[in-house]
Amino acid sequence: MFNPRLTETLTDFPFARLAALIAPIAPPQHLSMINMSVGEPQGAMPAFARQIVNDEIDGWNRYPPNQGLPDLNLAICEWLTRRYKLPKGLLDPDRHVHPTAGSKEGVYIISTVATPQEKGGGKPIVALPNPFYQAYLGGAVLSGGEPLLVNAPEANGFLPDYESLDEATWKRLSVVYLCSPANPQGAIASKEYLQKLIRLCRKHDTVLAVDECYAEIYTGAAPPGALEAALEIDETGQKDPFRNLVVFHSLSKRSNAAGLRSGFVAGDPKLIAMILRWRTYGGPQIPFAVQKASAALWREETHPLQTRDWYQKNFKVAEQILHNRFGYYTPGGGFFLWLDVGDGEEATRKLWGEAHVKVLPGAYACRETNGINTAHRYIRVALVHDEKTTREGLQRLAAVL
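The sequence shown begins at 101 in my numbering and counts up one residue at a time.
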């Protein structure tokens with residue numbers, strides 16, 4: 101009675117596996133629990149956005165528009181133009197952007213929208229980096245595509261080497277996923293990397309789906325975006341600069357607003373139109389209050405500076421405590437540590453049982469390829485707490501491991 105794609109390919113979610121792993125272990129009760137397994141920002145959403153949500157009580161009796169409020173779509177276009185130095189007026193709020201219930205919804209939908217029943221003489225392939233954000237796999241599987249996991253090892257800068265795929269594979273690729281800055285490793289794709297991938301996808305009529313939800317959390321220079329990379333190699337006179345390309349953004353990280361469930365997809369107008377059609381039938385509408393608060397958050401540029409400062413303080417703490425252990429490095433973006441501890445599951449059990457610290461085994465964010473899970477040595481540690489809690493958690497980690 102169940103869809104076999106759901107029961108046979110989509111196994112237990114990483115956090116369900118984590119719960120089962122540590123369930124038999126009694127943590128030390130004299131230590132408070134520190135949860136560093138989930139990438140859930142612990143800072144406060146800006147007060148002005150909370151006030152907007154509170155003030156918009158009259159809108160809860162009405163159905164919000166699927167296509168998004170015009171002011172929100174305009175605010176998104178304005179932000180993209182500022183952030184990536186795009187020409188003013190290039191982005192059309194009615195054609196180039198579409199609000200989603202967080203970036204998670206968008207990255208899930210795109211495979212269904214862009215995967216035909218057949219491509220290149222066979223079953224379409226959806227490629228994703230390995231390790232990966234689980235919504236990519238969910239979208240790939242439930243679209244009817246064949247998931248192809250492309251390892252992103254340290255030797256390749258923690259980025260997937262899509263260029264190495266053979267021509268027969270490329271002909272069948274319907275969607276290629278990329279996350280930059282990457283979850284969990286924090287690697288940033290250069291503009292040159294993005295442009296090579298854009299050209300490859302266009303050559304094979306493949307959609308490039310770039311998850312940029314961590315784009316506002318960085319430790320050095322601001323990460324380049326796929327839209328600006330595409331514009332630099334545009335050969336259409338700005339008539340169709342984003343062909344075969346969509347990017348995804350979110351307020352969850354930028355604005356400490358994970359519970360708001362607000363993001364957007366931007367890029368190729370043909371793909372945006374199909375996403376709107378998909379969401380009209382089955383997507384969740386975003387409440388008026390959320391849309392109005394979101395527009396204000398995209399327009400305000402002070403609070404992201406404070407958010408970055410929060411994480412930069414945490415990375416300085418991590419550098420002090422872990423700088424010469426576990427292959428430590430400060431990532432270019434995002435808020436995770438990707439630590440080589442030898443055996444991620446064993447380290448996770450040990451940290452829970454002896455330090456009351458919860459982390460995620462790297463293997464749970466990864467799938468085996470050729471019988472090997474390339475992330476089994478790692479743990480993912482989320483630096484989402486305040487500086488004091490982060491220091492306490494990392495000190496316990498260093499003492500136990």
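Glycine included, C-beta positions come from ideal geometry on N, C-alpha and C.
Asked	Found
Quick one: using the 10 Å Cβ neighbour count with 16 as the cut-off for buried, is I152 buried or exposed?	buried
Buried or exposed, going by whether 16 or more other CB atoms sit within 10 Å of the CB of P247?	buried
Looking at the structure shown, is T107 part of a helix, part of a strand, or coil, going by DSSP?	helix
Quick check: what's the CA-CA separation for P164 versus W378?	16 Å
Are the CB atoms of S355 and H423 nearer to each other than 8 Å?	no
Does the structure place the segment 476 to 496 close enough to the segment 406 to 422 that three or more beta carbon pairs sit under 8 Å?	yes
Using 8 Å as the threshold, is the segment 202 to 210 in touch with the segment 340 to 352, meaning 3 or more CB pairs across them?	yes
Counting only the same chain and skipping the five closest in sequence on each side, list residues whose C-beta sits under 8 Å from that of G320.	G432
Cβ of D440 within 8 Å of Cβ of G453?	no
How should R425 be labelled, buried or exposed, when 16 other C-beta atoms within 10 angstroms of its C-beta is the threshold for buried?	exposed
Considering only the alpha carbon of each residue, which of V276, S274, A240 and Q285 lies closest to A255?	Q285
Specify the secondary structure class of Y233 as computed by DSSP and reduced to three states.	coil
Just how far apart, CA to CA, sit S71 and I317?	Here the chain covers residues 101 to 501 and nothing more, so residue 71 does not appear.
Taking 6 Å as the limit between beta carbons, can you name the residues of its chain near A315, skipping five residues before and five after?	P323
Roughly how far, in whole angstroms, is the beta-carbon of R302 from the beta-carbon of N344, given that I think they are within contact range, below 8 Å?	5 Å
Just the C-alpha distance for G244 and T215, rounded to the nearest angstrom, thanks.	8 Å
Is H198 helix, strand or coil by DSSP?	strand
Flag this pair as touching only if the segment 473 to 480 and the segment 390 to 398 have three or more C-beta atom pairs under 8 Å; answer yes or no.	no
What are the start and end residues of the beta strand (DSSP E) that includes S264?	From DSSP, S264 is part of no beta strand (DSSP E); its letter is neither H nor E.
So, helix, strand or coil for N135, using DSSP?	strand
Considering only residues of the same chain and omitting the five flanking positions on each side of P369, which have a CB-CB separation below 7 Å?	R195 and H196
I need the straight-line Cα distance from D311 to Y381, nearest angstrom please.	24 Å
Would the beta-carbon of Q295 fall within 8 Å of that of L190?	no
Terminal residues of the continuous beta strand (DSSP E) containing P247?	E246 to N251
Hey, would you say P387 sits closer than 8 Å to W160, going by beta carbons?	yes
So, for G222: in the same chain, excluding its five sequence neighbours on each side, which residues have a beta-carbon less than 6 Å away from its beta-carbon?	R272
Short of 8 Å in beta carbon distance, which residues of its chain neighbour D112, apart from the five on each side in sequence? Order them along the chain.	A120
With the cut-off set at 8 Å, would you say P104 and S352 are in Cβ contact?	no
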